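What follows is one structure encoded as structure tokens, with my remarks underneath.
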Amino acid sequence: MNFNGILTLVAIFIGFSNACPTNRSLSGHTNTITSFVNLINGNIATGSLDSNIIIWNPYNGQMVKKIPLKQKINQLIQIKNGNLISGLENGEIQILDPNTAKMVKTLKSAENASISILLLIKDNILASSTNSSSIKLWNIEKGILIRTINEINIKYFHLLADNQLATVISLNKTKSKIKIWNIENGDLIQTILFDENINLALYLNNRMLAIVSDTPVIKLLDYNTGKLVFNFTSHFGKINQLYNIDNEKLASVSTDKTIKVWNYKNRTLIKTIYSDDHISKVQPLTVGFVIALSLDNKLSVWQINNTDLIKEVEIINANNLYKIKDLYVAVLNHNNYDIAVFDYTAKKCLQSPIDKEGAFKYLLQTIGVGFVSVYQIITGKI
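Mature numbering (1 follows the signal peptide of the UniProt record, and there is no 0) puts the sequence shown at residues -19 to -1, 1 to 363.
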């Protein structure tokens, strides 16, 4: 099967036996893994509530180094020069060199609130948000605070085109607002009020946001004019995830146990994918691929353009999935402390040899129980 140029959705659910042997997984953390980063050199880095950053080689399963910090790590990102930025429980932002494990810089503010969100605005501009809801813009080269955007009840924020930032703010259970800011000068450009509680907002292109409230409707918002321009109305349950795929398609995940793929440019429904249980997360893998985690531990892969079942594997107690380069996926086990790495197209765990029954049997032994099912979205066949 040739995957090149084909958009694939991978949905993951949960199973019931055959644990991955601990010596075959990436074990080293003692508390929940909060962040997963693909490093420029091909390694991966994980940040954890155990206050450690661990650098791994995902291809041989070896721990490269462990970097202890003094605070719980809420988020970890990598910047262009290869350094890692960590958002800590005490409100500090630490910049370190993963090759030498040396601290490069520490960004501190007057607040001691826990860092909840880090977003790289430009190569040298970082936006951070705390549990107290303010947004701070930092020059990470100089290590200085540029400005603070003071708001309360910020649910999340998005980088938009033309140096703009959108903040989604909850007013109460039935009202919310979106504010558009100029990053360069901190000026408020526009405030858009809604008589509904916005749960999700996703940046699509240089004029559109997709927004979702408690209803099963996806609304397209022109944030330049503040007007709603279109409604997608095919779901029957609450929508809990939105994903922008290839800057043309929109994937939505609902409690009605479906993933729907839309073309938001011509405003049509491309395909509906039906699962056996609720899907908890979708994660892009690479160009043309996405992966989704569901509650019954089944891992399913779909193609948008032709939907026959490609393959099926099993996996145990998966909590989260991330991409590693092209086709490799890291799976956190049920306690969120370990990682198992496998190639889902080859059905093979990278941390174990293939036994006499082949890669498929090996993956069952190594990753455990669950399913990977690949569907072609046009025909809907399993």
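All residues carry an ideal CB built from backbone N, CA and C; glycine is no exception. Nothing here was measured: the structure is a model prediction, and the numbers come from that model.
Query: Spell out a yes or no on whether the region 178 to 196 and the region 149 to 159 are touching, meaning 3 or more CB-CB pairs, one atom from each, closer than 8 Å.; Result: yes
Query: First and last residue of the beta strand (DSSP E) that includes G28?; Result: 25 to 29
Query: Mapping the DSSP letters down to three states, classify I164 as helix, strand or coil.; Result: coil
Query: Could you say which of A232, N221, D227 lies nearest to H259 if we only look at CA atoms?; Result: N221
Query: What residues in its chain sit with their C-beta under 8 Å from that of E73, if we drop five residues either side in the sequence?; Result: Q52, T87, L88, K89, I96
Query: Determine whether the beta carbon atoms of I164 and N134 lie at a separation below 8 Å.; Result: no
Query: With H, G and I counted as helix, E and B as strand and the rest as coil, what does DSSP make of R188?; Result: coil
Query: Does the beta-carbon distance from K230 to N247 come in below 8 Å?; Result: no
Query: Pick helix, strand or coil for Q332, following the three-state DSSP scheme.; Result: Confidence in Q332 is poor, its pLDDT being 42 and thus under 50, which makes the residue's placement too unreliable to answer from.
Query: Tell me the rounded alpha-carbon separation between I254 and D237.; Result: 11 Å
Query: Could you work out which residue in S110, I35, Y184 is closest to I223 when comparing CA atoms only?; Result: For the record, residue 223 in the displayed sequence is Leu; it is not Ile. When only C-alpha atoms are compared, the closest one is Y184.
Query: Checking 8 Å against the spacing of the C-beta atoms, do L146 and L152 come in under that value?; Result: no
Query: Is K46 helix, strand or coil when you go by DSSP?; Result: strand
Query: Give me, in chain order, the residues of the same chain whose beta-carbon lies closer than 6 Å to that of Y137; leave out the 5 immediate sequence neighbours on both sides.; Result: V149
Query: Compare the beta carbon distance of N55 and T15 with 8 Å and say whether it is the shorter of the two.; Result: yes
Query: Hey, L20 and Q75: beta-carbon distance below 8 Å or not?; Result: no
Query: DSSP on T206, reduced to helix/strand/coil?; Result: coil
Query: Thinking C-beta only, is M189 closer than 8 Å to L202?; Result: yes
Query: Just grab the DSSP bridge partners of S233 for me.; Result: L223, K241
Query: Which class does L152 belong to by DSSP, given the choice of helix, strand or coil?; Result: coil
Query: Does DSSP put Y255 in a helix, a strand or coil?; Result: strand
Query: Excluding the five sequence neighbours on either side, which residues of its own chain have a C-beta within less than 6 Å of the C-beta of residue 365, listed in chain order?; Result: In this structure the chain extends from -19 to 363, so residue 365 is not present and cannot be described.
Query: Please report how far the alpha carbon of K83 lies from the alpha carbon of L107, in whole angstroms.; Result: 20 Å
Query: Just mark T3 as buried or exposed, buried being the case when its beta carbon has 16 or more other beta carbons within 10 Å.; Result: At T3, the pLDDT of 35 sits below 50, so the modelled position is not reliable; the number obtained from the coordinates is stated separately. Exposed, because fewer than 16 other Cβ atoms sit within 10 Å of the Cβ of T3.
Query: Can the beta-carbon of residue 384 be found less than 8 Å from the beta-carbon of N131?; Result: A question about residue 384 goes unanswered here, because the residues of the chain that appear run from -19 up to 363.
Query: First and last residue of the beta strand (DSSP E) that includes D78?; Result: 74 to 78
Query: Looking only at C-alpha atoms, which of I48, L169, S110 sits nearest to N71?; Result: S110
Query: Alpha carbons only, please: which of N178, P49, I36, T206 is nearest the one belonging to G23?; Result: I36
Query: Helix, strand or coil, according to DSSP, for I199 in the structure here?; Result: strand
Query: Going by C-alpha distance, which of G68, I125, V85 is nearest L100?; Result: G68
Query: For N186, which residues from the same chain have a beta carbon less than 8 Å from its beta carbon, with the 5 sequence-adjacent residues on both sides left out?; Result: A142, N228
Query: Decide if F217 is buried, meaning its Cβ has at least 16 other Cβ atoms within 10 Å, or exposed.; Result: exposed
Query: Ends of the beta strand (DSSP E) at residue 429?; Result: As displayed, the chain neither begins before -19 nor continues past 363, which places residue 429 out of reach and without an answer.
Query: Please classify P49: is it buried, with 16 or more other beta-carbons within 10 angstroms of its beta-carbon, or exposed?; Result: exposed
Query: Please list, in chain order, all residues of the same chain as I179 whose beta carbon is under 6 Å from its beta carbon, the five residues on each side excluded.; Result: V149, S157, I192, S194
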